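Protein chains in written order, with this note's numbering: chain Z, 15 to 127; chain E, 7 to 119.
Note sheet for the following structure.
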């Protein structure tokens, strides 16, 4: 039981490049989330999903897209990376019956130069 | 004004000490409250929920004051392993179905031998 895994762990991009971050969970959770964490800001919600095939915007969605084609996977895409997207990205998931007990992945450290 | 505010610290305390953190939230309609713990360069993990009547889990006690809109966390008999950042977390969206959380930026605790 791996819990929540994220790929890759680290990445350096140049401005304008694109990439996809992959989140996978093996706990059969309905809800999945993408957050970013910046110094002094706390975690901020980018996008979330309440089930397979559904996604919605969070607090800071601009510059990101997401997809949830399978229940266990939640992908975060950066279409044209900007230095302001340098951050640590965390994926999380939770049960329908206990939505606030969120299980986090280990994070992806992204630097955009 | 931030939705959830915390003193960033650091709080430097000796082993065995009692330490308390407070957190204030701005949305008076918030219904659910939590403390998460985050070790350095790791993912956040749920420490405990905060109930209206207060709750205790071993050396940890959490309390909620709705009238003043603050949440507290008390740690007794501090251990070196308690060194971490403690995140105050609020769910402000009971009616939207989003099941997302709003995180404070955290209070850093350093327990010294």
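Where a beta carbon is used, it is the ideal one built from N, C-alpha and C, also for glycine.
Everything numeric in this text was worked out from a predicted model, so none of it was measured.
Neighbouring residues, chain Z, relative to residue i (Cβ below 7 Å)
i, result
"residue 38 (chain E)", "114"
Interface residues of chain E facing residue i [CB-CB closer than 8 Å]
i, result
"residue 24 (chain Z)", "Near residue 24 (chain Z) there are no residues of chain E at all, since even the closest Cβ is about 11 Å away, more than 8 Å."
"residue 55 (chain Z)", "111"
"residue 120 (chain Z)", "48 and 49"
Per DSSP, the bridge partner or partners of residue i
i, result
"residue 94 (chain E)", "E:41"
"residue 102 (chain Z)", "Z:51 and Z:123"
"residue 21 (chain Z)", "Z:36"
"residue 29 (chain E)", "E:12 and E:77"
"residue 113 (chain E)", "E:92"
"residue 6 (chain E)", "It is not possible to answer for residue 6 (chain E), since the shown part of chain E is limited to 7 through 119."
"residue 56 (chain Z)", "Z:52"
"residue 97 (chain Z)", "DSSP output for residue 97 (chain Z) lists no bridge partner at all."
"residue 119 (chain E)", "Paired residues: none, contrary to the question."
"residue 68 (chain E)", "E:61 and E:79"
"residue 24 (chain E)", "Partner(s): none; residue 24 (chain E) has no beta bridge."
"residue 117 (chain Z)", "Z:107"
"residue 26 (chain Z)", "Z:125"
"residue 46 (chain Z)", "Z:63 and Z:107"
Neighbouring residues, chain Z, relative to residue i (Cβ below 9 Å)
i, result
"residue 97 (chain E)", "113 and 114"
Interface partners of residue i on chain E, CB under 7 Å
i, result
"residue 59 (chain Z)", "106"
Near the ligand PLP: residue i beta-carbon under 7 Å from a heavy atom
i, result
"residue 46 (chain Z)", "No copy of the ligand PLP occurs in the structure displayed, which carries no ligand at all."
Between the region 23-30 of chain E and the region 77-93 of chain Z, do at least 3 Cβ pairs fall closer than 8 Å?
no
At 3 residues or longer, what runs of the beta strand (DSSP E) sit wholly inside the region 66-95 of chain Z?
68-71, 78-81 and 87-92
I'd like to know if the region 93-110 of chain Z and the region 18-35 of chain Z are in contact, where contact means that at least 3 CB-CB pairs between them fall below 8 Å.
yes
If the cut-off is 8 Å on Cβ atoms, which residues from the region 48-72 of chain E count as contacting chain Z, listed in chain order?
Near chain Z, meaning a CB-to-CB distance below 8 Å, the residues of the region 48-72 of chain E are 48, 49, 50, 51, 52 and 55.
By the 7 Å beta-carbon criterion, what residues does the region 41-55 of chain Z contribute toward chain E?
45, 47, 54 and 55
If you pair each beta-carbon of the region 28-44 of chain E with each one of the region 72-79 of chain E, do three or more pairs fall below 8 Å?
yes
Indicate whether the contact test is met: 3 or more Cβ pairs, each with one atom in the region 27-36 of chain E and one in the region 45-53 of chain Z, closer than 8 Å.
no
Selection of the region 96-107 of chain Z by Cβ proximity to chain E, strictly under 7 Å
Flagged, chain order: 104.
Any 3 or more C-beta pairs closer than 8 Å across the region 55-65 of chain E and the region 97-106 of chain Z
no
Three CB pairs or more closer than 8 Å across the region 15-24 of chain Z and the region 54-68 of chain Z
Segments in contact, no.
Give a yes or no on contact between the region 62-81 of chain Z and the region 9-16 of chain E, applying the rule of three or more CB pairs nearer than 8 Å.
no
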